[in-house]
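Structure first, then comments.
In my numbering, the protein residues as written are 4 to 587.
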């Protein structure tokens with residue numbers, strides 16, 4: 004069984020790392036944890052002049068966000084990443100290493116869950132679980148992305164692994180694993196994501212109703228321990244980083260707590276803001292059934308899981324299915340009352356739902372030799388996994404085009420080696436660029452090490468570069484502001500005042516369109532024409548290069564005309580960000 008465990012574990016790791024390498028950049032939702040990890044790695048944790056040091060160096064004092072976030076995840080992530088950065092930081096950007104460490108932590112939690120499945124339900128179920136899990140898109144893709152939900156997913160999946168049956172354990176040992184699961188879930192709800200308290204409630208309720216634990220002997224002690232440890236850690240760590248005791252610099256407070264003690268509890272502040280005050284609705288609302296009708300099918304990806312595997316799981320493993328589904332679906336049902344909905348708020352139950360699908364697949368597989376119907380169902384479920392994996396790969400490739408800001412900053416480093424930097428020069432990154440991948444990690448160095456020749460030029464140039472992220476509209480509309488800017492990385496050249504030269508550009512995903520005969524598929528189409536460029540005071544220097552994928556997207560190497568008579572479902576990949584240098 005050790006060989007099987009290793010093999011299945013390697014599958015989890017390989018798929019997560021693949022998604023990381025294909026899409027190494029991040030978006031604004033991930034910025035807090037990523038920038039915080041960067042700042043901890045670069046500036047450390049000061050013990051003297053703490054307030055001045057944090058305000059001067061740390062990103063969250065300049066861009067605090069809407070609600071406070073915990074620094075517990077970034078502190079752990081920075082600590083685990085530091086030794087690896089010391090070894091490999093000269094060859095690859097630290098951002099990739101940090102995300103790689105987070106992805107490995109997610110993989111480890113899935114490995115623990117898979118091993119628990121193998122012990123409880125057998126190797127066939129463990130194999131099907133792994134195949135179903137890695138053939139999905141969202142969980143592997145976001146496994147290395149530093150969202151608060153990713154940190155919570157790691158711990159919640161670990162906790163759920165301790166709640167699965169443990170054959171061969173004594174009743175006392177089983178109660179111990181249940182208590183550990185309750186402890187971890189409580190800790191996670193207190194520190195990372197408060198909504199997990201709902202899942203914890205349903206898990207505990209089921210354990211109590213099935214008489215597996217005692218309320219006073221098991222549940223309350225485990226809950227108090229997990230809550231106390233989590234609260235002590237978050238109050239200590241986050242009150243330090245947010246400087247909540249100092250009214251002159253603090254951005255957020257926790258009602259009553261900060262006023263009386265000077266401490267801050269980020270997750271409670273976020274819960275009050277989003278759930279009690281319902282401020283999260285400002286980011287959009289969805290119908291009550293959105294999680295059931297949209298998010299869960301999208302997260303599971305493979306339609307056969309819902310249409311075939313789950314029904315057979317309910318038929319063949321009725322009691323087990325209830326134990327897995329009732330807490331999971333109860334959590335979703337209660338959480339659906341909050342108007343603002345995002346798939347990442349329910350991602351924690353995907354391992355449990357995937358396990359139900361695996362149980363159904365295993366039940367069918369074990370009966371494939373009994374008659375033709377089971378044989379066909381077995382072939383169909385296995386084939387659906389292959390198709391889902393192909394679909395997930397396509398979604399991965401498409402999603403990798405959604406980070407033009409990160410790609411632009413990486414290109415900027417190469418531009419520096421060609422153009423050079425005279426003295427101190429300021430680079431302005433606009434809001435869109437910052438929201439689509441420009442991070443402090445990428446500002447420091449390219450994603451991958453440059454050649455020896457380029458590296459010498461880059462080392463000289465980068466010393467004089469200062470990055471600016473001004474968002475104030477009055478400043479951006481002022482000609483005086485642009486007098487002090489030497490480079491602009493922007494998504495809207497019409498807002499850049501003065502005479503500039505386009506040095507490079509970055510294409511990005513603009514959607515899908517059905518093209519009729521004669522219509523041109525715009526792949527990397529020029530976003531600024533020569534005439535418009537001249538009117539804007541811009542001189543066009545170079546166009547996006549033609550690469551191997553261009554014709555494949557334009558006409559499928561002749562398929563459009565020869566097979567589809569000129570019709571084509573084509574992507575729109577267009578210029579979205581431009582790198583400009585001021586003309587002197």
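By construction, the Cβ of each residue, glycine as well, lies at the ideal position given by its N, Cα and C atoms.
Nearest-angstrom beta carbon gap, residue j and residue i [assumed within contact, 8 Å]
i: residue 572; j: residue 517; result: 6 Å
i: residue 418; j: residue 582; result: 6 Å
i: residue 451; j: residue 95; result: 6 Å
i: residue 382; j: residue 30; result: With 8 Å as the limit, residue 382 and residue 30 do not qualify as a contact, their Cβ atoms being about 39 Å apart.
i: residue 76; j: residue 36; result: 6 Å
i: residue 66; j: residue 244; result: So it is not a contact: roughly 14 Å between Cβ atoms.
i: residue 149; j: residue 196; result: With 8 Å as the limit, residue 149 and residue 196 do not qualify as a contact, their Cβ atoms being about 14 Å apart.
i: residue 23; j: residue 164; result: About 23 Å; that fails the 8 Å criterion.
i: residue 467; j: residue 427; result: 5 Å
i: residue 25; j: residue 400; result: 7 Å
6 Å Cβ shell around residue i - same chain, five flanking residues per side excluded
i: residue 534; result: Its pLDDT being 43, under 50, residue 534 is placed unreliably in this model, and the coordinates cannot settle the point.
i: residue 140; result: 304, 395, 398
i: residue 325; result: none
i: residue 193; result: 230, 233, 234
i: residue 420; result: 457, 460, 461
i: residue 131; result: 361, 364, 365
i: residue 97; result: 88, 444
i: residue 221; result: 178, 182
i: residue 592; result: It is not possible to answer for residue 592, since the shown part of the chain is limited to 4 through 587.
i: residue 320; result: 362
i: residue 593; result: Outside the displayed span of the chain (4 to 587) sits residue 593, for which this structure offers no information.
i: residue 407; result: 439, 509, 511, 579, 580
i: residue 307; result: 384, 387
i: residue 405; result: 512
Beta-carbon contacts of residue i that lie in its chain and below 7 Å, excluding the five residues immediately before and after
i: residue 54; result: 246, 249, 252
i: residue 112; result: 157, 160, 161
i: residue 494; result: 433, 435, 436, 579, 580
i: residue 42; result: 60, 61, 62
i: residue 137; result: 14, 15, 18, 143
i: residue 226; result: 185, 189
i: residue 315; result: 363, 366, 367
i: residue 228; result: 186
i: residue 358; result: 120, 132, 327
i: residue 33; result: 148, 149, 150
Residue range of the unbroken alpha helix (DSSP H) whose run includes residue i
i: residue 254; result: That residue, residue 254, is in no alpha helix (DSSP H); it is neither H nor E in DSSP.
i: residue 485; result: 482-486
i: residue 461; result: 455-465
i: residue 132; result: 126-137
i: residue 145; result: 141-145
i: residue 563; result: 562-565
i: residue 272; result: 269-274
i: residue 49; result: Careful: residue 49 lies outside any alpha helix (DSSP H) and carries neither H nor E.
i: residue 476; result: 476-479
i: residue 263; result: 260-264
i: residue 304; result: That residue, residue 304, is in no alpha helix (DSSP H); it is neither H nor E in DSSP.
For residue i, the first and last residue of its enclosing beta strand (DSSP E)
i: residue 471; result: 468-471
i: residue 580; result: 571-585
i: residue 426; result: Looking at the DSSP string, residue 426 is not in any beta strand (DSSP E), and its letter there is neither H nor E.
i: residue 509; result: 503-518
i: residue 493; result: 490-493
Proximal residues to residue i (C-beta, below 8 Å), its chain only, five neighbours per side dropped
i: residue 70; result: 255, 269, 272, 273, 276, 277
i: residue 471; result: 429, 430, 431, 432, 488
i: residue 515; result: 572, 573, 574, 575
i: residue 242; result: 248, 265, 266, 267
i: residue 453; result: 416, 417, 420, 461
heavy atom of the ligand GDP below 7 Å from residue i C-beta
i: residue 470; result: Summarising the ligand content, the structure contains no ligands, and the ligand GDP is consequently not present.
Taking contact to mean 3 or more Cβ pairs, one atom from each stretch, closer than 8 Å, check whether the stretch 251-267 and the stretch 209-219 are in contact.
no
At which residue ranges does the stretch 147-235 contain complete alpha helix (DSSP H) runs of 4 or more residues, listed in the order of the chain?
151-165, 174-194, 199-212
If you pair each beta-carbon of the stretch 332-350 with each one of the stretch 289-301, do three or more pairs fall below 8 Å?
yes
Across the stretch 350-369 and the stretch 304-313, are there enough close Cβ pairs to call them in contact, namely three or more that are closer than 8 Å?
yes
Enumerated in chain order, which unbroken segments of the alpha helix (DSSP H) with a length of 4 residues or greater are wholly contained in the stretch 308-376?
313-319, 321-338, 353-368
In chain order, what are the residue ranges of uninterrupted alpha helix (DSSP H) at least 4 long that sit wholly in the stretch 65-116?
75-91
Report yes or no: do the stretch 9-22 and the stretch 54-66 share at least 3 C-beta pairs separated by less than 8 Å?
no
Count the C-beta pairs between the stretch 278-291 and the stretch 338-358 that are closer than 8 Å, then say yes if the count reaches three, no if not.
yes
Under 8 Å, with one C-beta from each stretch per pair, do the stretch 327-335 and the stretch 204-212 reach the 3-pair mark?
yes
Count the C-beta pairs between the stretch 145-155 and the stretch 73-93 that are closer than 8 Å, then say yes if the count reaches three, no if not.
yes
For the stretch 10-41, list the beta strand (DSSP E) runs that are entirely contained and at least 3 residues long, ordered along the chain.
none
Let me know the alpha helix (DSSP H) ranges lying completely inside the stretch 380-458, each 4 residues or longer, listed in chain order.
407-422, 434-438, 443-447
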